[in-house]
Amino acid sequence: MPFPSLTTTLLALLAPLILYILSHHLTLKPKPAPKPAPKPPNLPRKTVLITGCSSHSTGAALAHAFHSTGYTVFATLRSPSRIPSSLTSLPHMHILTLDVTVQSSVDAAVAAVEALVGDAGLDVLVNSAGVMLGGPGLDVEIEERGKECFEVCVWGVLRVTQGFSGLLVKAGEGGGMGKEGGRGRATVVNLGSVVGEIWFVYQPIYAAAKAALHTLSESLRLELRPLSINVLTVVVGAISSNLQANQPPYQHRPSSFYAPVSSYIKDFVEHVVPHTETPIDDFAAQIVADVEAGRSGKVWRGQGVWLIWVLRSFVWGGIVDWMFSALKGMGELRRVREEERGGVRRGVGLGERAEEWLKMLA
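Numbering-wise (this note's numbering), the sequence shown opens with residue -5 and increments by one.
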């Protein structure tokens, strides 16, 4: 068996050590929630529409944060029975039914908002509705769950943005308050994910949907700029929302190649978000601050985003492969497959080598 090159050996030695140091000693504390600026007296309230505002969701937290900053809020969700009671009693808070996957539902929401805001338009649109989907690509049920993930995370965002574009243009091109009596630029906020910036195992469909959303959002940023609309793409890290808890349970196919390691995959899918998370209220306050500051383009928010940014920006792709191959089940699956072939080994796999190093460093 040939010896590995010096470069390969150094990379193998240093990569897990760097990862260990980063994850254990350079954990960034979430920024404290900025205090909302007081609204000047007798000044009309800005307006925001937020999708996906069910209980314990990111959308609900954003509804509270925008409201406390002085906005009139249109909190929308697919099932009105799931709206948190803390929102229903607030003044200047309007609860609307909106299913982002149904065009007629979007049209009805647009008509309801337009009846209230008139020529002032809509200042901010936040596309917060989303669904999470875990499991290997070979096991994903495509027709319902796979397509639903793209329908909500990609097409739903575009459908809602198209629907409210007229009201956003009205606000962006001077429908109400702001500099010299005009609102200034309107804003579309699209909530993405760190999984859309780097390849993960056991989450390929959700990651692909978020990667598509990031590309769509950044393209819209250029297209909507002449219409006086900012587009903010939020790359979201670990936050304390209910998104993971609401995802469909992982079920492998009866003939799945991954059946021997299904328990590892199930554990990963159910606990992919680490224990250290940015509190949802702090995250929401930061997004409101981003909007109020007139930011556009990509911003990275939430626990752990810095690590994914470093991996995506500066680390050789082979090292990233090596690190994610250390996830439980990858090395074990290789061993199982080799045993089924009669014990024939074809060298030590990335998953096995990475698992061994990370165990030594833990």
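For glycine and all other residues, C-beta sits at the position ideal for the given N, C-alpha and C.
A105 has its alpha-carbon roughly 10 Å from the corresponding atom of S99.
Each residue's CA atom was taken as its position, placing E191 and P220 some 27 Å apart. The residue from P74, V263 and E333 with its alpha-carbon nearest to that of I89 is P74. Listed in chain order, the non-local C-beta contacts of L305 below 7 Å within the same chain comprise I192 and V314, local neighbours out to five positions each way being set aside.
Under the DSSP assignment, K164 falls in the alpha helix (DSSP H) whose first and last residues are G150 to G166.
Using a C-beta cut-off of 8 Å, the stretch 140 to 155 makes no contact with the stretch 247 to 258, since fewer than three inter-stretch Cβ pairs fall below that distance.
Distance between V42 and Y196, taken at the CA atoms: about 35 Å. Distance from T66 to G53 at the Cβ level is roughly 16 Å; contact not present, criterion being Cβ atoms closer than 8 Å. Bridge pairing for L90: T70 [DSSP].
DSSP places W300 within a helical segment (H, G or I) once states are collapsed to three. Rounded to whole angstroms, the Cβ separation of V183 and V118 is 7 Å, and the two are in contact under 8 Å. Annotated as proximal: V151 and L207, with beta-carbon spacing under 8 Å.
Under the three-state reduction of DSSP output, R306 falls in the helix class. At least 8 Å separates the beta-carbon of N121 from that of L162. DSSP links W294 through a beta bridge to V229.
DSSP places A180 within a strand segment (E or B) once states are collapsed to three. The alpha-carbon of A103 is positioned some 9 Å away from that of D93. G231 and V188 do touch by the CB rule: their CB atoms are close to 5 Å apart, below 8 Å. Proximity to Q245 across S307, D133, E286 and R215 peaks at D133, based on C-alpha coordinates. Around S49, the same chain offers R76, I77, P78 and N236 as residues with beta carbons nearer than 8 Å, after the five sequence neighbours per side are excluded. T272 carries a strand assignment under DSSP once its states are collapsed to helix, strand and coil. Counting the other CB atoms within 10 Å of its CB gives F308 a total below 16, which places it among the exposed residues. Here V118 carries a strand assignment [DSSP, helix/strand/coil]. Cβ contact annotation for E142 (same chain, cutoff 7 Å, sequence separation greater than five): V125, in chain order.
For I44, the enclosing beta strand (DSSP E) has its first and last residue at T41 to I44.
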